[in-house]
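Using the working numbering, the first residue of the sequence shown is number 924, and each one after it goes up by one. From the three backbone atoms N, C-alpha and C, an ideal C-beta is built for every residue, glycine too. A short write-up of the structure that comes next.
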Amino acid sequence: MQNANGLVLADDATGALECASLLAGLALDVALTLLPAQAACRGICVADTESRHLPPEQAAGRIRQWLEAAGPVRVFKKTDSTLRGNIAAELTAMLDRPIVYIPAYPALGRTVREGILFVRGVPIAESEFAEDARNPVRSSRVADLFPPDRIESIPDAAALSAALRDSRPRILICDAVTGEDIASLAVVLRDTAAQPYVAGPAGLIPLWAALAPFQKKDPPAVAGARKWLIVCGSRHRQSHRQAEFAEAMGLRVIRSPIETMDSPENVAAELARQAMAFIRDERIGAVLIMGGDTVWALWRALGLTAVTPLPEVFPGIAACVSPDNTLLFVTKAGGFGDDRIVEQVLERFKRV
């Protein structure tokens, strides 16, 4: 059987790395790239489109650019599990076929019942994510993101199977409360003669990867003895608690203020500048970064256009190395992990 090629589209560096690490953990041939010119790679290309905070029209244009560069491949669109970003604009830009959108991520407490997204049992518009500085969630009903003529609500696997017999381009928004619900939807995707695009949080990546015979490749080996730098670019209070624990461990930590009038882009650029100085002057070999804007800014400062993914460190926490394997990057989104997550990450890599 001929190997398939795939494209995973993520709107920020944290999400791209999360997807890429899951694929690396499956021993698949995967590369993470920042340039559309590199999209037509062998195996699976994970693209950081850096489109989360763009105006919707520009975000849609980025998605079309990546799809055109990749050619006819299997596509997964990674979406934020709390509905942040340009989800509507980006999925609508992909509508040349049906898109199966599964917003739920039960392992992280994100469930969808009767079209409503819940976070640990609370409708998302009533949770802390309604207060996000850049992407406040206004409605818990997923369908409210989209024009009503572009969507169809899918309550279960049987409804998805019936919907996929119709090839009209539209977004099929699926309910799922448990891992078993997700697995049932995956069976439908495996058995359908159609080849819809698939969209949803990173937790769906292993199920998507099982739908096609992608090229296998073992991830690179990583030496455990490295000097660490912790960079906290997230405004999430949980990340700052984690940074405080890291400081108490005696680690080098740089972080943004929780409250600042400066733009997130400027904050990320300043953190990247400071991180570059430490990497150069203190021979840092590993960087744990909290916040997707900061990851992108540091990669850009280092002149990186691609990185090599490693298997997932913990759920929601990803890793990669620079092409020459001299720098290890571990990334996490702001709210992930308990207070001692930095200690847990360092302990994990001591055992590598």
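Alpha carbon of residue i to alpha carbon of residue j, nearest angstrom
i, j, result
"GLU1054", "ASP1216", "18 angstroms"
"ALA1195", "ASP1204", "14 angstroms"
"ILE1105", "ALA1200", "45 angstroms"
"VAL1275", "ARG1091", "With a pLDDT of only 49 at VAL1275, under 50, the local geometry of the prediction cannot be trusted, and no value is derived from it."
"GLN961", "ALA1135", "21 angstroms"
"LEU977", "ASN926", "35 angstroms"
"THR1254", "ARG965", "25 angstroms"
"MET1017", "TYR1120", "8 angstroms"
"GLY1008", "VAL1111", "28 angstroms"
"GLY984", "ASP934", "12 angstroms"
"ILE1202", "GLU980", "37 angstroms"
"GLY994", "SER1157", "35 angstroms"
"VAL1065", "ILE1096", "8 angstroms"
"PRO1234", "LEU945", "6 angstroms"
"VAL1230", "SER1245", "5 angstroms"
"LEU1211", "LYS1139", "28 angstroms"
"VAL1154", "ARG1223", "15 angstroms"
"GLU1051", "GLY1102", "24 angstroms"
"SER1062", "ALA1048", "5 angstroms"
"LEU1130", "LEU1227", "30 angstroms"
"THR1002", "GLY938", "8 angstroms"
"VAL1265", "GLN1165", "7 angstroms"
"ALA1133", "LEU1108", "13 angstroms"
"VAL1190", "HIS1159", "14 angstroms"
"ALA963", "PHE1168", "42 angstroms"
"ASP1261", "HIS1163", "11 angstroms"
"GLY1214", "LYS1273", "24 angstroms"
"SER974", "LEU1031", "24 angstroms"
"PRO1078", "TYR1028", "16 angstroms"
"PHE1137", "SER1084", "24 angstroms"
"VAL1176", "SER1076", "46 angstroms"
"VAL953", "ASP1247", "16 angstroms"
"PRO1180", "ARG1263", "20 angstroms"
Buried versus exposed call for residue i [16 or more other C-beta atoms within 10 Å across all chains shown]
i, result
"VAL1218", "buried"
"GLY929", "buried"
"LEU958", "exposed"
"ASP1098", "buried"
"PRO1026", "buried"
"ARG1206", "exposed"
"SER1186", "exposed"
"GLY1044", "exposed"
"ARG1178", "buried"
"ARG987", "exposed"
"GLY1239", "buried"
"ALA1081", "exposed"
"THR1249", "exposed"
"GLU1013", "buried"
"ALA1171", "exposed"
"GLN1267", "exposed"
"ASP1072", "exposed"
"PRO1142", "buried"
"ALA1256", "buried"
"GLU991", "exposed"
"ARG1033", "buried"
"GLY1126", "buried"
"GLU1270", "exposed"
"ALA943", "buried"
"ASP1114", "exposed"
"ASP1019", "exposed"
"ALA947", "buried"
"PRO1021", "buried"
"ALA1220", "buried"
"ALA950", "exposed"
Proximity test, residue i beta-carbon vs the ligand FAD heavy atom, cut-off 7 angstroms
i, result
"VAL1065", "Looking at this structure, you won't find the ligand FAD or any other ligand, since it has none at all."
Cβ-Cβ separation, residue j to residue i (assumed contact under 8 angstroms), whole Å
i, j, result
"ALA1122", "LEU1087", "About 14 angstroms; that fails the 8 angstroms criterion."
"ALA1192", "LEU1251", "About 22 angstroms separates the two Cβ atoms, so there is no contact after all."
"ARG1057", "VAL1100", "At roughly 29 angstroms, the Cβ-Cβ gap does not stay under 8 angstroms, so ARG1057 and VAL1100 are not in contact."
"VAL931", "ALA970", "7 angstroms"
"ALA1241", "LEU940", "4 angstroms"
"ILE1094", "TYR1024", "5 angstroms"
"PRO1232", "LEU1006", "Not really, about 25 angstroms apart at Cβ, beyond 8 angstroms."
Any chain D beta carbon closer than 8 angstroms to residue i
i, result
"ALA1224", "Although the question refers to chain D, the structure presented lacks it and comprises just one protein chain."
At 4 residues or longer, what runs of the alpha helix (DSSP H) sit wholly inside the region 1117 to 1151? 1128 to 1132
I want to know whether the region 995 to 1003 touches the region 1031 to 1044 - three or more CB-CB distances under 8 angstroms. no
Going along the chain, which unbroken runs of the beta strand (DSSP E) with 3 or more residues stay wholly within the region 1223 to 1270? 1229 to 1237, 1240 to 1244 and 1251 to 1255
Could you tell me which uninterrupted beta strand (DSSP E) segments, each at least 3 residues in length, are contained entirely in the region 1073 to 1101, listed from first to last along the chain? 1074 to 1077 and 1094 to 1097
Which whole runs of the beta strand (DSSP E) in the region 999 to 1054 are 3 residues long or more, in chain order? 1022 to 1024, 1033 to 1036 and 1039 to 1042
Contained beta strand (DSSP E) runs [length at least 3] in the region 939 to 976, N- to C-terminal order: 953 to 956 and 967 to 971
Segments of 3+ residues assigned as beta strand (DSSP E) that fall wholly inside the region 1190 to 1217: 1209 to 1213
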